[in-house]
Amino acid sequence: MSIAKQIILDELESQTHPEWVEDVIFDALEFYANSGPKGISCSVAYAIKERIKEAEAITANPKNPTRKAKKST
1 MSIAKQIILD
11 ELESQTHPEW
21 VEDVIFDALE
31 FYANSGPKGI
41 SCSVAYAIKE
51 RIKEAEAITA
61 NPKNPTRKAK
71 KST
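In UniProt numbering, the protein residues as written are 1 to 73.
Laid out in structure tokens, this is it:
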């Protein structure tokens with residue numbers, strides 16, 4: 001496993017930041033997919049972002065949204 005993957009997984013598990021780590025990653029993917037240089041990495045970011053959005057739409061509950069929920073400190 002790469003060091004980057006280990007760190008990302010550790011950050012996701014520990015959740016020691018004031019924002020949900022998965023939301024920060026999603027926002028970064030969305031930003032890069034929309035404004036990054038067009039190419040393979042931009043396409044990968046877009047595909048991952050869309051996969052997340054589709055999965056969330058399937059499991060969404062309007063009374064309990066999964067996106068942009070602020071983490072209480």
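Glycine is no exception: its CB is placed at the ideal position from the N, C-alpha and C atoms. Only a predicted model underlies this, so the values are computations on that prediction, with no experimental measurement involved.
CB contact check: residue i to chain C, cutoff 7 Å
i	result
residue 1	Going by chain labels, chain C is absent from the structure shown, which holds only one protein chain.
Counted within 10 angstroms of its Cβ, other Cβ atoms place residue i as buried (16 or more) or exposed
i	result
residue 49	buried
residue 9	exposed
Proximity to residue i [Cα-Cα], best of the options
i	options	result
residue 51	29, 39, 2 and 1	29
DSSP state of residue i mapped onto helix, strand, coil
i	result
residue 2	coil
residue 60	coil
Own chain residues within Cβ distance below 7 Å of residue i, not counting five before or after
i	result
residue 17	none
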